[in-house]
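So the sequences go chain by chain: A and B.
Going by our numbering, the letters in the first sequence line up with residues 29 to 320, in that order.
Going by our numbering, the letters in the second sequence line up with residues 680 to 1118, in that order.
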Amino acid sequence: MPKQWDSSDSWRNRGVGGNVRTIVHRHLGKVVAGAAMAVTGTAVMVGITLPGSAGADDSGGQGSGRTAQQAGQAGHAGGRQQSAVQPGVVERAPAEGDTGSGRDPLTDDETERVERLALDRGLSRAGENVEGGRGPQRITVDLAEPEVGELDDPAAPRRAEVSFYDYKDDSLVTRTVNLDTGRVEATDTQHGVQPPLSRAETVEAARLLIADPLGAGLRADHKDATGKKLTDPDQLLLNSMVFRANPGTPAPLAACGEHRCLRLFVKAKNGPWIDSRDLVVDLSARKVAEVG
Amino acid sequence: MRVNSISRAGRRTAVGLSVAALTVGATTVAGPAAAQTRAAPPAAADCSAAYRIEQKLAAGTTWTMCWHYESEAGLVLENVSYQPKGESRPIRVLTSAKLAQIHVPYDDGSVEYDDLTGAGFGQGLMNMAPGECPGGTIRTVKVPDAWDPEHPNVNGLCTTTRSRGHAYRMQGDSANKVFQQQGKDLLVYTVNQVGWYEYITEWRFQDDGTINMNVGATGSLSPGDYDAGDGRGWPIGKGAKGYATSHSHNVFWRLNFGLDGTSKNKVEQYDSVVSPPAQGGEAPRNKTTRTKITKELAGDAKNMRWWRVVSTTGKNKDEHARSYEFVPGASSKYPGRGYTKHDIYFTEYKKCEQFASHNIRNCGTGAGKSVDKWVDGQALTHPVGWVNIGFHHVARDEDQQPMPVHWQGFSLAPRDVTAMNPLTPPELADQNGSPQNGS
Chain A
29 MPKQWDSSDS WRNRGVGGNV RTIVHRHLGK VVAGAAMAVT GTAVMVGITL PGSAGADDSG
89 GQGSGRTAQQ AGQAGHAGGR QQSAVQPGVV ERAPAEGDTG SGRDPLTDDE TERVERLALD
149 RGLSRAGENV EGGRGPQRIT VDLAEPEVGE LDDPAAPRRA EVSFYDYKDD SLVTRTVNLD
209 TGRVEATDTQ HGVQPPLSRA ETVEAARLLI ADPLGAGLRA DHKDATGKKL TDPDQLLLNS
269 MVFRANPGTP APLAACGEHR CLRLFVKAKN GPWIDSRDLV VDLSARKVAE VG
Chain B
680 MRVNSISRAG RRTAVGLSVA ALTVGATTVA GPAAAQTRAA PPAAADCSAA YRIEQKLAAG
740 TTWTMCWHYE SEAGLVLENV SYQPKGESRP IRVLTSAKLA QIHVPYDDGS VEYDDLTGAG
800 FGQGLMNMAP GECPGGTIRT VKVPDAWDPE HPNVNGLCTT TRSRGHAYRM QGDSANKVFQ
860 QQGKDLLVYT VNQVGWYEYI TEWRFQDDGT INMNVGATGS LSPGDYDAGD GRGWPIGKGA
920 KGYATSHSHN VFWRLNFGLD GTSKNKVEQY DSVVSPPAQG GEAPRNKTTR TKITKELAGD
980 AKNMRWWRVV STTGKNKDEH ARSYEFVPGA SSKYPGRGYT KHDIYFTEYK KCEQFASHNI
1040 RNCGTGAGKS VDKWVDGQAL THPVGWVNIG FHHVARDEDQ QPMPVHWQGF SLAPRDVTAM
1100 NPLTPPELAD QNGSPQNGS
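Written as structure tokens, this is what we have:
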């Protein structure tokens, strides 16, 4: 299981109660600290041009340098431009009105409105969110696709799909809200369907992991990397991946899929990534277990 | 870093102007420019200026589309329309276009990712530095549940133009006359991070009507997978060390066609079969036959086989039905899962059918959660095309560090959208049809 690298202070293997942890330094453009840049034992990477500094020096930046495999499809780059191509212009976000038109994404106002409309009294009273509080966990709010009969209709109604995860009965509830009429046109409930974790759920999972005995390695790695004690998810940048059980999954995690389970990708803020993929958090059961 | 700040007074118009001000020539500086005069507005459902991409390329071709961002799928392009010089109105090609899955199974069987539906692909939209969008404009995208919650507005959508070299070349009648044109494309792309990987999702619209869609994988190999067993990996450390586990990237695109403004399109399959020379003939012969695809189909690539989606309402000036043809790039099909067993699927439009695998919305009890399950004999009146392009990634030393971009994708080529090459120069405009007969 552990990966053996040439000795280098960039890599460390730590065994904690049989649970081997590895710190990985990852290139993240300007965030990378110079001394710790080398991922392998060699110092070859130090001279890499980072994205931010490349813009001004771009000349003939129109070459795409693709592989032969792709050249036939995308068309190979040509164009010997004598003068440098200017770096892109970053456009400030335009002011947003209350409502979008046509196939615009939902405005902030519209998003708030459909969440309110979708969360009727029944659902908010009976449902349970990731922290065990009242009301289901909001997952996503997106512009809905039209019905088949409306595909070519420029005046098709504007609709949103709002999805919630109810931890009381592990159900994914999706409501379709018509923004023009304000009515909930459809409600669908599924079990065993796990969309990507919302921010709130990822944070809660990190909270559970930090507090858990199995989180000892994570806490130790964080201390090593930053010198600080890890007590709060706020100290981390987090990514998550849905975990679903398969026939070989250890018993404590066999319900994952019906339960909402995830693996965390953890990065110390202004620090390195910490590999914690061998730990799974079951948000439905509120427990942490090892896998594989 | 230059920021295009829009004054309050001229805000509404200014946004529209900056959309149209993408550099057409490489040397001009991007910035607000004179407004482009537009032809008659498209009939289809529209979007506001902030969510419209409109680019007139040097050859006189204009591409127009709407964009928005979805929680799982990321960038969505809608109402994609093509207007070559000489056409009075934009011609709609696609009602909707987006990714439908990035499926990544590892060769040792230990793990299998579904990046769009389980790994937060949509949440991982990356900020692009100005140097990452040369000659173009970087727009702000509001990312639901962005992974850095302090920065939900991501400078994440690049639109720019890029030269592709020769669009065509032909010797003219006189010795020193050459007809040639350097082609120019509109490029639209985002970068999404999923774990260690970063994916560039690129849409490239050529001035001759061709659309190229590609996904470029870059970032870093999974650092936790360097212990591959026999036949499952490749050593990329020194000597026999660091066996990076091989894996596949199976990328799916979902294309809802709307040729000439209607979603009612037809699908056709063409097969060519070579046979020995005829009695007394010089060369082998090749016969091409058309199969009308009237029911949902799970299509497999075959030698000299291709598909096209045909308009039911639009014809070009030669009275031929407009169509777009699929031209796949190199693909290594992954036989391990039902949904990756086929190269292309055509399904009847159903709004719950959004992802090629691990579909999130409910399509009914027993309806299945992957595209292969949805091919169940329905009549194909509103076809949606799902294209599967796979890449078996056996790592190599050059993959560290960072990993060079590896592209996989396909093209949609116009077939009979115009009666002639949309870039035909005026001197050759009368060369339509057989030289004896003229036009």
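Built from N, CA and C at the ideal position, the CB exists for glycine as well.
Distance, residue j Cα to residue i Cα
{"i": "Pro823 (chain B)", "j": "Thr168 (chain A)", "result": "8 Å"}
{"i": "Asp979 (chain B)", "j": "Trp1053 (chain B)", "result": "16 Å"}
{"i": "Lys856 (chain B)", "j": "Ala737 (chain B)", "result": "22 Å"}
{"i": "Ala1009 (chain B)", "j": "Gly1088 (chain B)", "result": "8 Å"}
{"i": "Pro955 (chain B)", "j": "Pro963 (chain B)", "result": "4 Å"}
{"i": "Asn206 (chain A)", "j": "Ala188 (chain A)", "result": "7 Å"}
{"i": "Tyr1024 (chain B)", "j": "Arg314 (chain A)", "result": "40 Å"}
{"i": "Trp33 (chain A)", "j": "Gly921 (chain B)", "result": "Unreliable positioning characterises Trp33 (chain A) in this predicted model, as indicated by a pLDDT of 29, which lies under 50. The coordinate reading is nonetheless provided below. Rounded to whole angstroms, Trp33 (chain A) to Gly921 (chain B) spans 8 Å at the Cα level."}
{"i": "Lys943 (chain B)", "j": "His1085 (chain B)", "result": "35 Å"}
{"i": "Trp301 (chain A)", "j": "Leu258 (chain A)", "result": "14 Å"}
{"i": "Leu266 (chain A)", "j": "Glu232 (chain A)", "result": "11 Å"}
{"i": "Ile76 (chain A)", "j": "Gln1079 (chain B)", "result": "With a pLDDT of only 29 at Ile76 (chain A), under 50, the local geometry of the prediction cannot be trusted, and the value read off the model is given with reservation. One C-alpha to the other measures close to 12 Å."}
{"i": "Asp208 (chain A)", "j": "Pro185 (chain A)", "result": "6 Å"}
{"i": "Met73 (chain A)", "j": "Gln872 (chain B)", "result": "Because the pLDDT of Met73 (chain A) is 30, which lies under 50, any placement of that residue in the model is unreliable, and the number read from its coordinates should be weighed accordingly. For Met73 (chain A) and Gln872 (chain B), the distance between alpha carbons rounds to 21 Å."}
{"i": "Arg1001 (chain B)", "j": "Glu881 (chain B)", "result": "25 Å"}
{"i": "Gly1017 (chain B)", "j": "His1072 (chain B)", "result": "20 Å"}
{"i": "Lys966 (chain B)", "j": "Arg1094 (chain B)", "result": "19 Å"}
{"i": "Ala1098 (chain B)", "j": "Glu766 (chain B)", "result": "11 Å"}
{"i": "Arg768 (chain B)", "j": "Gln762 (chain B)", "result": "7 Å"}
{"i": "Leu242 (chain A)", "j": "Asp303 (chain A)", "result": "13 Å"}
{"i": "Asn832 (chain B)", "j": "Ala808 (chain B)", "result": "14 Å"}
{"i": "Val1036 (chain B)", "j": "Glu124 (chain A)", "result": "Note on residue identity: the sequence assigns Ser, not Val, to residue 1036 (chain B). For Ser1036 (chain B) and Glu124 (chain A), the distance between alpha carbons rounds to 35 Å."}
{"i": "Gly993 (chain B)", "j": "Gln885 (chain B)", "result": "21 Å"}
{"i": "Asp786 (chain B)", "j": "Leu804 (chain B)", "result": "27 Å"}
{"i": "Pro133 (chain A)", "j": "Thr819 (chain B)", "result": "13 Å"}
{"i": "Arg162 (chain A)", "j": "Cys289 (chain A)", "result": "20 Å"}
{"i": "Ala282 (chain A)", "j": "Phe271 (chain A)", "result": "10 Å"}
{"i": "Thr68 (chain A)", "j": "Pro914 (chain B)", "result": "Legend: pLDDT at Thr68 (chain A) = 34, less than 50; position of this residue unreliable, no value from coordinates given."}
{"i": "Gln114 (chain A)", "j": "Ser152 (chain A)", "result": "52 Å"}
{"i": "Val1050 (chain B)", "j": "Asn1041 (chain B)", "result": "13 Å"}
{"i": "Ala750 (chain B)", "j": "Leu264 (chain A)", "result": "Before going further, note that residue 750 (chain B) is Ser rather than Ala in the sequence given. Approximately 22 Å between the Cα atoms of the pair."}
In DSSP terms, what residue i is bridged to
{"i": "Ser1002 (chain B)", "result": "B:Val989, B:Arg1094"}
{"i": "Trp742 (chain B)", "result": "B:Gln734, B:Tyr761"}
{"i": "Asn893 (chain B)", "result": "B:Glu881, B:Gly1088"}
{"i": "Gln780 (chain B)", "result": "B:Phe931"}
{"i": "Gly978 (chain B)", "result": "B:Ile1023"}
{"i": "Arg818 (chain B)", "result": "B:Leu836"}
{"i": "Met1082 (chain B)", "result": "B:Gly898"}
{"i": "Asp906 (chain B)", "result": "B:Tyr922"}
{"i": "Arg750 (chain B)", "result": "What sits at residue 750 (chain B) in the sequence shown is Ser, not Arg. DSSP, once it has assigned bridges, lists no residue as partnering Ser750 (chain B)."}
{"i": "Gln872 (chain B)", "result": "B:Glu877"}
{"i": "Lys295 (chain A)", "result": "A:Leu265, A:Trp301"}
{"i": "Pro1007 (chain B)", "result": "B:Phe1089"}
{"i": "His1072 (chain B)", "result": "B:His926"}
{"i": "Val308 (chain A)", "result": "A:Arg291, A:Ala317"}
Anticipated Cβ contact below 8 Å, residue i with residue j, distance rounded
{"i": "Gly658 (chain B)", "j": "Tyr876 (chain B)", "result": "Since the first residue shown for chain B is 680 and the last is 1118, residue 658 (chain B) is missing from the structure and cannot be characterised."}
{"i": "Val309 (chain A)", "j": "Leu237 (chain A)", "result": "6 Å"}
{"i": "Val988 (chain B)", "j": "Phe936 (chain B)", "result": "5 Å"}
{"i": "Leu900 (chain B)", "j": "Ala1074 (chain B)", "result": "6 Å"}
{"i": "Thr1060 (chain B)", "j": "Glu1027 (chain B)", "result": "7 Å"}
{"i": "Thr774 (chain B)", "j": "Asn758 (chain B)", "result": "7 Å"}
{"i": "His1021 (chain B)", "j": "Ala977 (chain B)", "result": "4 Å"}
{"i": "Leu311 (chain A)", "j": "Glu229 (chain A)", "result": "6 Å"}
{"i": "Thr204 (chain A)", "j": "Ser191 (chain A)", "result": "Actually they are not in contact, since the Cβ atoms of Thr204 (chain A) and Ser191 (chain A) sit about 10 Å apart, beyond 8 Å."}
{"i": "Glu975 (chain B)", "j": "Gln1057 (chain B)", "result": "5 Å"}
8 Å Cβ cutoff, residue i in contact with chain D
{"i": "Tyr792 (chain B)", "result": "No chain D is present in this structure, whose protein chains are A and B."}
Counting pairs of beta carbons, one from the stretch 160-180 of chain A and one from the stretch 218-228 of chain A, are three or more of them closer than 8 Å? yes
Identify each residue in the stretch 119-133 of chain A for which the Cβ-Cβ distance to at least one residue of chain B is less than 9 Å, and report them in chain order. Correct list: Glu119, Arg120, Ala121, Pro122, Ala123, Glu124, Gly125, Gly128, Ser129, Gly130, Arg131, Asp132, Pro133.
Counting pairs of beta carbons, one from the stretch 289-306 of chain A and one from the stretch 238-249 of chain A, are three or more of them closer than 8 Å? yes
Tell me whether the stretch 977-992 of chain B and the stretch 932-951 of chain B touch, counting them as touching only if at least three CB pairs, one residue from each stretch, are closer than 8 Å. yes
Given a limit of 9 Å on CB to CB distance, which residues of the stretch 211-227 of chain A reach chain B? Asp216, Thr217, Gln218, Val221, Gln222, Pro223, Pro224, Leu225, Ser226, Arg227
Mind listing which residues of the stretch 1021-1052 of chain B have their C-beta closer than 9 Å to chain A's C-betas, in chain order? Answer in chain order: Glu1027, Tyr1028, Lys1029, Lys1030, Cys1031, Gln1033, His1037, Asn1038, Ile1039, Arg1040, Asn1041, Lys1048.
Given a limit of 8 Å on CB to CB distance, which residues of the stretch 802-821 of chain B reach chain A? Gln802, Gly803, Met807, Ala808, Pro809, Gly810, Glu811, Cys812, Pro813, Gly814, Gly815, Thr816, Ile817, Arg818, Thr819, Lys821
Along the stretch 989-1023 of chain B, where does the CB come closer than 9 Å to a CB of chain A? Name the residues. So the close ones are Val1006, Pro1007, Gly1008, Ala1009.
Which residues of the stretch 161-175 of chain A have a Cβ closer than 9 Å to any Cβ of chain B? Give them in chain order. Ile167, Thr168, Val169, Asp170, Leu171, Ala172, Glu173, Pro174, Glu175
Using a Cβ cut-off of 9 Å, which residues of the stretch 1083-1109 of chain B contact any Cβ in chain A, in chain order? Pro1083, Val1084, His1085, Trp1086, Gln1087, Gly1088, Phe1089, Ser1090
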